Amino acid sequence: MNRMVRVAKESIRMMKGNRLRVLIMALGVAVGVASLTMMICVSKGAYLEVMDIVNRQGQDLLQVRPGTDKHTGLPSGSREVVSLVEEDVEAILLHVGNIRAASPVKDRKEVEVKYGDKFTLSRIFGITPVWAEIRDFGPSKGEFISSEDLNFAARVCLIGQTVKKNLFGDTDPIGQTIRIKDVPFNVKGELEWKGISSAGRDRDDRIVIPISTYSKRLFREIKLNQIVITIGDTSHLDKTVEDVRAVLRKRHKLAEGEPDDFAMRTPQDLIDLAYGTTRSLINLLTGIAAVSLLVAGVVIVNIMLASVSARRAEIGIRRALGARKSDILRQFLMESLVISMLGGVLGTILGYGGSILLSSLQVTASVVTPLALVAAIITCSLIALVFGIFPARKAANQNPVDALRA
Amino acid sequence: MSEIDSMIKVKNITKSYIKGSMITHVLCGITLFIEKGEYVAIMGTSGTGKSTLMNIIGCLDKPTSGQLELGGVDAYQLDDDAISALRNKSIGFVFQQFFFLERTTALDNVLLPLLYADTYPADAIPRAKQVLVNVGLEDRTKYLANELSGGQQQRVAIARALINDPDVILADEPTGNLDSESTAEVLKIFHRLHKEGRTIVVVTHDREVAGHAQRILELKDGQIKELDFSSKPKDSSDH
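The listed protein sequences derive, respectively, from chains W and X.
Using this note's numbering, you'd call the opening residue of the first sequence number 3 and step up by one each time.
Using this note's numbering, you'd call the opening residue of the second sequence number 127 and step up by one each time.
Below, the structure written as structure tokens:
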């Protein structure tokens with residue numbers, strides 16, 4: 003049996019006699035590691051959620067909205083601003099290269115929709131046929147809006163799954179007539195199921211119709227609520243965004259120095275927006291982890307120093323019986339390491355539990371990731387070394403005669 | 127006493143302590159030779175530096191000046207690791223306070239020196255049990271400190287000192303904390319070890335304990351002198 007293994011075993015044997023002290027020190031580490039674990043799980047959860055949003059929306063999606071929010075630079079909620087019109091879309095398609103498709107979008111919330119004696123309030127979107135490809139939001143049944151529908155301002159629509167459930171239940175809606183603001187529309191198809199958006203909106207509670215029909219039959223207005231654009235080569239995203247901006251500024255006759263009267267949102271903005279909500283939680287958990295790990299370290303130093311003083315006679319007799327300084331150093335370092343690791347295991351279990359709780363209570367997205375365990379092992383080893391070395395050195399350097407006189 | 131064959135050679139050792147501006151000379155040039163198989167007592171009243179001398183012989187404490195040879199090795203020329211190894215292999219300590227490790231069985235206490243040996247013997251546990259038999263504690267191997275009497279704890283300490291088969295046993299007031307019955311048992315064990323050919327150095331203030339040794343040295347005013355056998359007391363009630 004190797005000398006180091008013997009000393010390590012002896013260290014653990016001595017700890018068994020002092021479970022309370024070991025537990026107190028381990029608990030300090032556990033709190034820190036639990037925060038650390040949760041921080042990592044929440045970060046990972048947020049990352050996956052953001053990537054999911056970006057993948058769902060497309061890495062190549064550029065949204066332009068009218069007006070600007072002075073504070074955030076993100077689109078304002080003001081629907082009254084008339085700054086984007088259909089001619090803007092034509093100009094973009096004409097003058098900006100690297101664009102695959104662009105569609106104008108008009109929409110209005112809480113519009114009355116009826117089928118027989120059933121009634122619901124839903125969101126109506128006026129769009130062009132390319133919208134389905136741009137938003138990756140096609141029909142699950144039936145057919146999408148065609149160019150002909152657009153040209154003739156046909157009274158046809160596709161309904162989302164929530165609308166279908168509200169109006170038709172289990173009946174097949176295709177070929178049926180619904181009334182939107184009392185205007186009859188033929189249901190051409192069902193939109194595929196999308197679920198809840200990152201903003202918490204039901205993406206299936208919507209009806210899409212040709213934008214021409216929207217303007218002529220429902221709401222006589224020229225302002226667009228949005229322009230959605232698919233970019234060709236995403237590696238030139240920034241350049242394309244600047245080109246679109248230049249075309250719009252020129253068309254809107256904005257003088258140099260005047261702010262944009264529209265706002266653009268890139269996939270990166272989406273990432274920032276989605277991270278923004280979890281960032282404060284991540285920061286909080288990081289802070290708690292840092293403070294509690296530091297406190298745990300200080301507790302280890304203190305209790306280990308007290309332990310070294312209390313065990314002077316033990317250290318003395320070990321030295322008298324032939325223990326080298328390095329044996330004593332290893333014995334006490336081993337103690338810090340075992341205690342720290344014990345706290346790490348406890349903390350990882352607590353942290354995984356906490357992160358499962360956070361996601362099941364829908365506080366935030368959180369994913370149990372093995373990365374947290376790796377981080378815990380590294381952190382605990384570092385704590386043991388950094389905070390354990392001082393007491394261990396003190397023990398090792400104790401003069402055996404002084405230690406025995408105690 | 128011949129210098130050539132001696133197992134322990136203490137040559138002109140001094141030890142002084144500096145406290146503030148005061149210098150206290152505890153040992154003032156001690157020279158003594160102890161041969162293999164000798165049973166020696168070092169006597170002296172308390173505070174005369176007996177324990178200091180024993181700690182220096184046991185390589186626990188460094189002298190201010192002078193030389194110590196153990197089995198031909200100049201001990202204080204060695205580095206700390208080598209001195210630790212020397213203590214482990216060549217010296218068996220027995221202290222007044224026993225230093226029985228807490229929450230540790232008698233058997234594990236006896237095994238301690240083997241923990242720090244260069245190679246851990248395969249027969250460690252049977253060996254430890256055998257030395258416990260030798261001190262009459264074969265039925266106490268699993269006992270903890272609080273389950274043993276002072277005398278029994280000291281016998282465990284003697285077993286611990288013997289496990290590595292040391293060249294010399296150094297005992298510092300081994301009976302200082304024991305009643306007369308336990309003292310007699312410990313002295314009996316020392317007597318037997320001496321008969322087996324072991325080298326024993328006992329430091330004591332107790333004339334009766336010293337009386338069991340072959341040779342008695344007295345430490346007084348930092349100097350050592352040999353007491354002749356005629357001054358050995360026949361009887362003493364001084365314990």
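Backbone N, C-alpha and C define an ideal beta-carbon position, used for all residues, glycine too.
In this text the structure is predicted, and so the values were computed from the model without any measurement.
In the DSSP assignment, what residue or residues form a beta bridge with MET169 of chain X? Looking at the DSSP assignment, MET169 of chain X forms a beta bridge with X:THR330 and X:GLU344.
I'd like to know if TYR242 of chain X contacts chain W, where contact means its C-beta is closer than 7 Å to some C-beta of that chain. Look at TYR242 of chain X: its C-beta is under 7 Å from a C-beta on chain W.
CB-CB length for GLY197 of chain X against ASN138 of chain X, believed under 8 Å: Actually they do not touch by this definition, with Cβ atoms about 19 Å apart.
Within the same chain, show all residues whose beta-carbon is closer than 6 Å to that of ARG81 of chain W, passing over the 5 residues directly before and after it, in chain order. With a pLDDT of 49 at ARG81 of chain W, under the threshold of 50, the predicted position of this residue should be treated as unreliable, though the coordinate-derived value follows. So no residue of the chain qualifies.
GLY79 of chain W: buried (16+ other C-beta within 10 angstroms of its C-beta) or exposed? Legend: pLDDT at GLY79 of chain W = 48, less than 50; position of this residue unreliable, no value from coordinates given.
For GLY389 of chain W, which option in W:SER362, W:GLY99 and W:ILE341 has the closest C-alpha, if you only look at C-alpha atoms? As written in the sequence, residue 389 of chain W is Phe, which differs from the Gly given in the question. Per the C-alpha coordinates, the member of W:SER362, W:GLY99 and W:ILE341 positioned closest to PHE389 of chain W is W:ILE341.
On the three-pair Cβ rule with 8 Å, is the region 225-244 of chain W touching the region 144-162 of chain W? No: fewer than three Cβ pairs fall under 8 Å.
Take MET336 of chain W as the anchor and find which of W:ALA36, W:LEU375 and W:ILE385 has the nearest alpha-carbon. The residue with the shortest Cα to Cα distance from MET336 of chain W is W:ILE385.
Could you please give the first and the last residue of the uninterrupted beta strand (DSSP E) stretch that includes VAL66 of chain W? Unbroken beta strand (DSSP E) run through VAL66 of chain W: 63-68.
Min CB distance VAL24 of chain W to chain X below 7 Å: So, not an interface residue.
Let me check one thing: in DSSP terms, what residues is MET266 of chain W bridge-paired to? MET266 of chain W pairs with W:VAL66.
Output, in chain order, the set of chain X residues within a Cβ distance shorter than 7 Å of ARG8 of chain W. The contacting residues are LEU241 and TYR246.
Using a cut-off of 7 Å between C-beta atoms, extract the partners of VAL403 of chain W located in chain X. The contacting residues are ASN181, LEU186 and ASP187.
Buried or exposed for ASN57 of chain W, going by 16 or more other Cβ atoms inside 10 Å? ASN57 of chain W comes out exposed.
Are the C-beta atoms of ARG213 of chain X and some chain W residue less than 7 Å apart? So yes, ARG213 of chain X belongs to the interface.
Excluding sequence positions up to five away, which residues of its chain have a Cβ less than 7 Å from the Cβ of HIS97 of chain W? By the criterion of a C-beta distance shorter than 7 Å, HIS97 of chain W is surrounded in its chain by VAL249, once the five residues flanking it on both sides are discounted.
Could you check if TYR143 of chain X is buried or exposed, using at least 16 other CB atoms within 10 Å of its CB as the buried criterion? Exposed, because fewer than 16 other Cβ atoms sit within 10 Å of the Cβ of TYR143 of chain X.
Taking all protein chains shown into account, do 16 or more other C-beta atoms lie within 10 angstroms of the C-beta of GLU164 of chain X, making it buried, or fewer, making it exposed? Counting Cβ neighbours within 10 Å, GLU164 of chain X comes out buried, since at least 16 surround it.
Taking ASN138 of chain X as part of the alpha helix (DSSP H), name the residues at either end of that continuous run. From DSSP, ASN138 of chain X is part of no alpha helix (DSSP H) but of the beta strand (DSSP E) over 134-145.
Sort X:LYS141, X:HIS320 and X:ALA232 by Cα distance to LEU296 of chain X and report the nearest one. Considering only alpha carbons, the answer is X:HIS320.
Could you check whether ILE231 of chain W and ALA28 of chain W sit closer than 7 Å to each other, using their CB atoms as the reference points? Contact: no.
At least three beta-carbon pairs within less than 8 Å, the region 275-294 of chain W to the region 31-40 of chain W: Yes, the region 275-294 of chain W touches the region 31-40 of chain W.
At a CB-CB cut-off below 7 Å, which residues of chain X make contact with GLU316 of chain W? Going along chain X in sequence order, the residues near GLU316 of chain W (Cβ under 7 Å) are LEU227.
Secondary structure of GLN349 of chain X, DSSP reduced to three states: If DSSP states are grouped into helix, strand and coil, GLN349 of chain X belongs with the strands.
Using CA coordinates, which residue listed in X:GLU352, X:LYS346, X:LYS351 and X:CYS154 is at the minimum distance from THR171 of chain X? The shortest C-alpha separation from THR171 of chain X is found at X:LYS346.
Output yes if chain X places a C-beta closer than 7 Å to the C-beta of GLU12 of chain W; else output no. Interface residue, yes.
I think GLN178 of chain W touches VAL165 of chain W, with their Cβ atoms under 8 Å apart; what is that distance to the nearest whole Å? That pair is no contact at about 12 Å.
Does at least one heavy atom of the ligand ADP sit under 6 Å from the Cβ of LEU250 of chain W? Of the ligands one can find in the structure shown there are none, so the ligand ADP has no counterpart to examine.
Under a three-way DSSP split, which group does LEU76 of chain W fall into? Any reading at LEU76 of chain W needs caution, since the residue's pLDDT is 48, under 50, leaving its predicted position unreliable; the model's value is listed next. Coil.
Contact defined as beta carbons within less than 8 Å: I believe LYS396 of chain W pairs with VAL310 of chain W. What is the distance between those atoms, to the nearest angstrom? Right, the Cβ-Cβ distance comes to about 5 Å (below 8 Å), so this counts as a contact.
According to a CB-to-CB cut-off of less than 8 Å, which residues of the region 304-329 of chain W neighbour chain X? Closer than 8 Å at the C-beta level to chain X, one finds these residues of the region 304-329 of chain W: ALA315, GLU316, GLY318, ILE319, ARG320, ARG321, ALA322, LEU323, GLY324, ALA325, ARG326, LYS327, SER328 and ASP329.
Counting only C-beta atoms, is LEU238 of chain X closer than 7 Å to chain W at any point? By this cut-off, LEU238 of chain X is an interface position.
What in chain X is Cβ-close to GLY19 of chain W, meaning under 9 Å? Under the 9 Å cutoff, chain X gives GLU228, ARG229 and THR230.
Flag this pair as yes or no: are the beta carbons of ALA144 of chain W and GLY197 of chain W separated by less than 7 Å? Going by the sequence as given, residue 144 of chain W is Gly instead of Ala. For GLY144 of chain W and GLY197 of chain W, no; Cβs fall outside 7 Å.
By a C-beta neighbour count over all protein chains shown, 10 Å radius and 16 as the cutoff for buried, is PRO68 of chain X buried or exposed? No answer is possible for residue 68 of chain X: it lies beyond the span of chain X, which begins at 127 and ends at 365.
Taking DSSP as the reference, what is the three-state secondary structure of GLY155 of chain X? In the structure shown, GLY155 of chain X sits in a strand (DSSP, three-state: E or B).
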